[in-house]
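Quick notes on the structure that follows.
In this note's numbering, the protein residues as written are 9 to 242.
So, in structure tokens, the structure goes:
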């Protein structure tokens, strides 16, 4: 049986958002398992043409994409303010939802034709527990993640007969360079709510991704793997 420690030899894994945080940790994890990683190519995941070009360039340099890990959300921390719903303007909500869905749709749509042609492939989308665990003041981003969650399951049903698995990993707050500026009191509060008593690390999410993307999870598709240290069960 193939374990998450290997099983990627000779495969091309494309990780969006691979420059830092969860994306970088995932790229390192898959590379350690033998994958040819493709993380140095810069692209706007909210632009369809840019995503098609990215996949074409990776294909020309490394070969067809066997594994796609969609980490990039199209949003930064400062793009998602905590605002009571009555004070949320439509333009802001539309932008948050739109960019999040584009970051899911365009990379996935770019790799699927090749995966369908070869009759194999694995896609893992990194979402958020916000899709199922609500947070006050975060309605637009919660709706966006819920839509991505539904999209993963619907696509898993569609792509399965063609040999492609589609799964999701849902972390909660994860310590990364992008959010290290947040107050220590907030980080401590999140850690206290975890059953494990600590904040999540990018490497924790990367391990979950490596499992779902690889052969050890060959009978899993449409799965929603929560990586939140037990926070959402409490």
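Positions of the beta carbon are idealized from the N, C-alpha and C atoms, including for glycine.
Since the structure is predicted, the reported quantities are computational estimates derived from the model, not experimental observations.
Nearest in C-alpha terms to residue 89, of all of 146, 36, 55, is 146. For the options 155, 152, 129, 35, the alpha carbon positioned closest to that of residue 168 is the one of 129. By the neighbour-count definition (other C-beta atoms within 10 Å, threshold 16), residue 226 is an exposed residue. Three or more pairs of CB atoms, one per stretch, sit closer than 8 Å, so the stretch 134–142 contacts the stretch 157–167.
Contiguous alpha helix (DSSP H) elements confined to the stretch 89–153 occur at 98–126, taking only those with 4 or more residues. Counted as a single uninterrupted DSSP element, the alpha helix (DSSP H) harbouring residue 34 occupies residues 29–40. The DSSP-derived three-state label of residue 67 is helix.
A direct Cα-to-Cα measurement between residue 42 and residue 18 gives close to 7 Å.
Nearest in C-alpha terms to residue 183, of all of 214, 171, 219, is 214. In this structure, residue 233 sits away from residue 143, with a CB-CB distance that is not shorter than 8 Å. Distance from the Cα of residue 104 is smallest, within the candidate group 64, 67, 153, for 153. In the three-state reduction of the DSSP assignment, residue 193 falls in the helix class. In this structure, residue 71 lies away from residue 23, with their beta-carbon atoms at least 8 Å apart.
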